Amino acid sequence: MNTGLTCRKVIHTLLAAGLLMVVSPCAFSDAEDSPGWTPQHILPDEPWKEQQAELPAYPEKGNLLEVNISTGGLPYKLYIDTLSVRPGDDHVVHYTVVMISSSGVWNVSNEGLHCGEKKYRRYAYGLEGEWQRLEGSPWSPVSGLGVNQYRRIFYNDYMCNQTQPYQSARQIIERFRSSGFGYEE
Numbered sequence: 021m022n023t024g025l026t027c028r029k030v031i032h033t034l035l036a037a038g039l040l041m042v043v044s045p046c047a048f049s050d051a052e053d054s055p056g057w058t059p060q061h062i063l064p065d066e067p068w069k070e071q072q073a074e075l076p077a078y079p080e081k082g083n084l085l086e087v088n089i090s091t092g093g094l095p096y097k098l099y100i101d102t103l104s105v106r107p108g109d110d111h112v113v114h115y116t117v118v119m120i121s122s123s124g125v126w127n128v129s130n131e132g133l134h135c136g137e138k139k140y141r142r143y144a145y146g147l148e149g150e151w152q153r154l155e156g157s158p159w160s161p162v163s164g165l166g167v168n169q170y171r172r173i174f175y176n177d178y179m180c181n182q183t184q185p186y187q188s189a190r191q192i193i194e195r196f197r198s199s200g201f202g203y204e205e
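For the sequence shown, this note's numbering gives the first residue as 21, with consecutive numbering after it.
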């Protein structure tokens, strides 16, 4: 039995009757060639691969934007370095966060949020104005608890916008600014 010929007859009959609403899968098969769409035509998803990113310049006071997030009673303020925000094609938004204690001590961390997986990773921490790399640091789930709750808020409200997933650094910073954040001395 010639499948291609049979399918053509069915399609011509349906066309003539005005009943062909959806293209039949057999319309794409040709008895002389391949049997139609087969699994080898489907390309497998490539595994996710993180892009390598350079560390940004060490943060300076003039580039810090205060983020008004509760610190759970701890005596520090939270800032984001506006020049460090870099969304990547790999769905990771890189940024530097600075926590300044009431005594003026800086706790500096360069991090990334993986917007597709709701995970974060620390790439480096700051010590005396220099970056100290954290080679091979793991991806960890974003938590909404304690001192780390800023990551959940960054993820949900500013950096990993599900309605607009490909934001520029400028758009992310504008989201922070439009929330009334700003540097306070």
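Yeah, the Cβ is synthetic: ideal placement off N, Cα and C, and Gly gets one too.
Treat the numbers as computed from the prediction; the structure is a model and nothing was measured.
At the level of alpha carbons, what is the spacing between residue i and residue j?
i	j	result
residue 160	residue 139	5 Å
residue 191	residue 101	14 Å
residue 175	residue 148	28 Å
residue 103	residue 93	28 Å
residue 132	residue 158	11 Å
residue 154	residue 75	11 Å
residue 122	residue 134	31 Å
residue 125	residue 87	17 Å
residue 181	residue 187	8 Å
residue 127	residue 198	25 Å
residue 97	residue 168	13 Å
residue 178	residue 164	15 Å
residue 99	residue 117	6 Å
residue 203	residue 120	The predicted position of residue 203 is uncertain, since its pLDDT is 44 and thus under 50; no value can be drawn from it.
residue 150	residue 77	9 Å
residue 156	residue 170	23 Å
residue 12	residue 189	Since the first residue shown for the chain is 21 and the last is 205, residue 12 is missing from the structure and cannot be characterised.
residue 142	residue 95	22 Å
residue 146	residue 130	8 Å
residue 90	residue 172	12 Å
DSSP beta-bridge partners for residue i?
i	result
residue 131	115 and 142
residue 107	113
residue 126	120
Return helix, strand or coil for residue i, following the three-state DSSP convention.
i	result
residue 147	strand
residue 152	strand
residue 121	strand
residue 160	strand
residue 166	helix
residue 178	helix
residue 191	helix
*Between the region 81-91 and the region 107-115, do three or more beta carbon pairs fall short of 8 Å?*
Touching, no, given that fewer than three Cβ pairs across the two stretches are closer than 8 Å.
*Unbroken stretches of the alpha helix (DSSP H), 4 residues or longer, contained in the region 70-101*: Runs of the alpha helix (DSSP H) inside the region 70-101: none found.
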